[in-house]
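Numbering (the working numbering), first residue to last: 1042 to 1209.
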């Protein structure tokens, strides 16, 4: 069993590495520009929707695949860097062509996101990493952020730290 799991993890890492090479990193890095690049590659708009999620569901992020667009719902009560990881995790599900996660009911989704017809939604939400698809998505997000940091020499990308460093 353990040997099979190790093979599955290696295969997941290979899939993640291949997916990472499908969309070029924007320079300078901006998460919104990367989202736009993924949307262009997939031929579908991707909307970001920030809202508090954890209190009622324990989720940090959610991908809603609507008939005409994708929506990434992400937690607001966390730091910007963590929000980027959450968004990249959900983008990974798209790029790795993961299917919907049936662990969330339409009622649970409707409670989280208003104004969306839940009859036509395929959704993914993650709260644990037991499934190989969740492992792949999290590995993708972490590797992507590491690649961004390496590409930009680890320099802060935005916010107060950049303004402080730029003032010297």
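Even for Gly, the Cβ is constructed at its ideal location relative to N, Cα and C.
Contacting residues, own chain, Cβ-Cβ under 7 Å from residue 1079 (five flanking each side not counted): In its chain, beyond the 5 residues on either side, 1064, 1087, 1132, 1135, 1136 have a beta carbon closer than 7 Å to the beta carbon of residue 1079.
Residue 1115 and residue 1127 closer than 8 Å at C-beta: Going by C-beta atoms, residue 1115 is nearer than 8 Å to residue 1127.
Assumed close pair residue 1057, residue 1184 - CB separation to whole angstroms, cut-off 8 Å: Contact between residue 1057 and residue 1184 holds, since their C-beta atoms are separated by about 6 Å, short of 8 Å.
Candidates 1186, 1083, 1102, of which the one nearest residue 1089 by Cα: The residue with the shortest Cα to Cα distance from residue 1089 is 1102.
Spatial neighbours of residue 1074 in its chain, beta-carbon cut-off 6 Å, leaving aside the 5 residues before and after: Excluding its 5 nearest sequence neighbours in each direction, residue 1074 has C-beta neighbours in its own chain below 6 Å: 1067, listed in chain order.
Residue-chain proximity (residue 1124, chain C), Cβ-Cβ < 8 Å: Reference to chain C is not applicable here, since this structure consists of a single protein chain.
The alpha helix (DSSP H) enclosing residue 1090, as first and last residue numbers: Here residue 1090 belongs to no alpha helix (DSSP H); instead the beta strand (DSSP E) covers 1087-1092.
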